[in-house]
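Residue numbers for the sequence shown follow the numbering used here, so the first one is 174 and each next one is one higher.
Okay, structure first, notes after.
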Amino acid sequence: MGETAPGPGTPPGEGDGGSGVVGGAPLWHGRFAAGPSEALMAFTVSLPFDRRLAAVDISGSRAHVRGLIRGDLLTPDEAGAVLGALDTVEEEIATGDFAFLPSDEDIHTAVERRVTELAGPAGAKLHTGRSRNDQVATDLRLWTKQALTSVASAVLGLQSVLAARAEEVGDAYLPGYTHLQQAQPVLLAHHLLAHGWALARDLDRLLACRERADVSPLGAGALAGSSLALDPEGTAVDLGFARPFDNSLDAVSDRDFVAEALFVLALIGVHLSRLGEEWVLWSSEEVGFVTLDDAYATGSSMLPQKKNPDIAELARGKTGRLVGNLTGLLVTLKGLPLAYNRDLQEDKEPLFDSIEQVLLALAALAGMVETATFRLDRMAAAADTPAAAATDLAEWLVARGTPFRDAHAVVGELVRRSLAGDGALADLVAADDRLGPEAAALIAPGVPVSRRTTRGGGGPAAVAAQRERFAARLAADRARLTS
Ligand code: ARG
């Protein structure tokens, strides 16, 4: 941008050095006596970010051309020239040889302009029956479907790492928390898989979102369809969409699929931020449950001893921006009248950004979790406090007929007396005639966690069954993704 030399199609008298007019003929040059100002181009251009739609834009154009042949709107020769030009454009873009012009407002304009240069008169027929409104919606849906699939694979990648580590750590246990206060011990595998199940729901949402994105808007034209013999069903099939649009106004203005994708990505971010926050704590000296591998930690420029959990912190921190991307788009969409409005161009940057950031985060976290060393001795020591057995003591009383509320009070009072200095909890329990030595044995290291036996619970037998269910779910999801 910023070039003021007159271009090939600049209306006469415009585009001279000082006019602030950009060279090159805009797509609407027939109606306009003057070319676009630099200020307009600088403000409205989307090429810097929508270039990444080049490949899907070319696919969309190929399908459109084949539709035009079926409608007798292009002769085979004309179609051959246009398809050949599209091949060349694809090649030029792939190799970086494509020369973008200041007048190329977006990727659609750039591709069509170059096709017209290469294909001669036939090139001028490429846009027959098509608008950039249905074109950009088609491109973005194609792109989004692919991107959601990539994110789903990356989610599976992190889930696989969590599952592998959950297998490897066996029956190691750590404190389970509520309110970040020690509550009841659970297996480390149980804790790792808890994050895995959240990701399983994310994967579901990604695939559901992909399904709703799987509608072809091509053939909707600017807003109302066409008088020409277009073939929306045929082009939908050609592009691999599940179905064509039902309403042309909706087809060109619907960005639900982007908003949904941004929500799913923001929620993945929220999930990753929770894991990230825990790993920040776990890797601190005070907690010390995990040592990060050097390749997945950072140092300090000033403090020689430091090893910092930057991946975990950024997993936490970047979530703000993912939520912002969702919020921003929802506000953009709010109140927009039918059908296409240029506001909709604001859909792309948040989408591209959220996809990119979530992919980076998933890969970095997968590496961090895969390579970290768990300090199982420290986890067990933290979990083996006498108070960790408090609930088991109350349940021991319940199993012998004491109403739970009364059992809770009995144990609570012993905990309070122990904290007040009356003696070790185990001694107080052993000496209490409602409890006694058999109950006191529950306080021994490793015993409380073994008593979490119910389905989905945190003890060894329950977790063994859970591991199998998680592995089955992973295998099924992997198959869903490849089908
Ligand atoms: N760059 C535009 C976008 O992303 C393409 C569609 C422009 N359509 C229009 N009628 N100005 O939305």
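Beta carbons are placed, not taken as given, at the ideal position from N, Cα and C, and that holds for glycine.
Predicted, not measured: the structure shown is a model, and the values here were computed from it.
Quiz prompt | Separation of Val583 from Leu570, as counted between CA atoms | solution = 9 Å
Quiz item: Under 8 Å between the Cβ atoms of Asp565 and Pro621?
Solution: yes
Quiz item: Can Thr289 and Leu246 be called in contact, C-beta distance under 8 Å?
Solution: no
Quiz item: Do the stretch 427-440 and the stretch 381-394 touch if we need at least three Cβ pairs shorter than 8 Å?
Solution: yes
Quiz item: Do the stretch 533-546 and the stretch 324-341 touch if we need at least three Cβ pairs shorter than 8 Å?
Solution: yes
Self-check item: Three-state class that DSSP yields for Leu509 in the structure shown
Solution: coil
Quiz item: Can you name the start and end residues of the alpha helix (DSSP H) that Pro405 belongs to?
Solution: Pro405 to Asp411
Practice problem: State yes or no: is the C-beta of Leu299 nearer than 7 Å to some heavy atom of the ligand ARG? | Solution: no
Self-check item: Among Ala215, Asp279 and Met552, the one whose alpha carbon lies nearest that of Leu200
Solution: Asp279
Exercise. Sort Arg224, Arg204 and Leu274 by Cα distance to Met214 and report the nearest one.
Key: Leu274
Quiz item: In this structure, does DSSP put Ser304 in helix, strand or coil?
Solution: coil
Quiz item: Does DSSP put Pro179 in a helix, a strand or coil?
Solution: Any reading at Pro179 needs caution, since the residue's pLDDT is 36, under 50, leaving its predicted position unreliable; the model's value is listed next. DSSP places Pro179 in coil when its eight states are reduced to three.
Quiz item: On the premise that Tyr513 lies in contact with Leu396, defined as a C-beta separation below 8 Å, what is that separation, rounded to the nearest angstrom?
Solution: 6 Å
Practice problem: List the whole-angstrom C-beta distance separating Thr311 from Gly233, where the pair is believed to meet the contact cut-off of C-beta under 8 Å. | Solution: 5 Å
Quiz item: Between Glu641 and Gln357, what straight-line distance do the alpha-carbon atoms span, to the nearest angstrom?
Solution: 23 Å
Quiz item: From which residue to which residue does the beta strand (DSSP E) around Leu360 run?
Solution: Gln354 to Leu360
Quiz item: Who are the near neighbours of Ala415 in its chain, counting only those whose CB is closer than 6 Å to its CB and skipping five residues on each side?
Solution: Asp387
Self-check item: Euclidean distance between Cα positions of Gly493 and Arg590
Solution: 45 Å
Quiz item: Does the beta carbon of Ser713 fall short of 7 Å from some heavy atom of the ligand ARG?
Solution: With the chain covering only 174 through 656, there is no way to say anything about residue 713.
Exercise. Could you tell me if Pro221 is buried or exposed, where buried requires 16 or more neighbouring beta carbons within 10 angstroms of its beta carbon?
Key: exposed
Quiz item: So what does Arg416 bridge to, in DSSP terms?
Solution: Val388
Quiz item: For Lys491, is the classification buried or exposed, using 16 other Cβ atoms within 10 angstroms of its Cβ as the cut-off for buried?
Solution: buried
Exercise. Classify Ala249 as buried or exposed, calling it buried when 16 or more other Cβ atoms lie within 10 Å of its own Cβ.
Key: According to the sequence as given, residue 249 is Pro; it is not Ala. Counting Cβ neighbours within 10 Å, Pro249 comes out exposed, since fewer than 16 surround it.
Exercise. Give me the Cα-Cα distance between Ala545 and Arg447, rounded to the nearest whole angstrom.
Key: 17 Å
Quiz item: Does at least one heavy atom of the ligand ARG sit under 7 Å from the Cβ of Ser219?
Solution: yes
Self-check item: Selection from Leu379, Pro294, Glu341 and Asp526 that minimises the alpha carbon distance to Val328
Solution: Leu379
Quiz item: From what residue to what residue does the beta strand (DSSP E) around Leu347 run?
Solution: Tyr346 to Thr351
Exercise. Name the residue from Glu340, Ala617, Val460 and Glu406 whose alpha carbon lies nearest to the alpha carbon of Leu353.
Key: Val460
Quiz prompt | CA-to-CA distance, His281 to Ala665, given in whole angstroms | solution = Residue 665 cannot be examined here, being either before or after the span of the chain that is shown, 174 to 656.
Practice problem: Would you identify the three-state DSSP class for Asn498, choosing helix, strand or coil? | Solution: helix
Exercise. Between the Cα of Glu251 and those of Asp260, Asp411, Val238 and Val262, spot the shortest distance and give me the residue it belongs to.
Key: Val238
Quiz item: What three-state label does DSSP hand Arg651 in the structure shown?
Solution: helix
Quiz item: For the ligand ARG, is there a heavy atom less than 7 Å away from the beta-carbon of Arg314?
Solution: no
Practice problem: List the DSSP bridge partners of Val463. | Solution: Phe547
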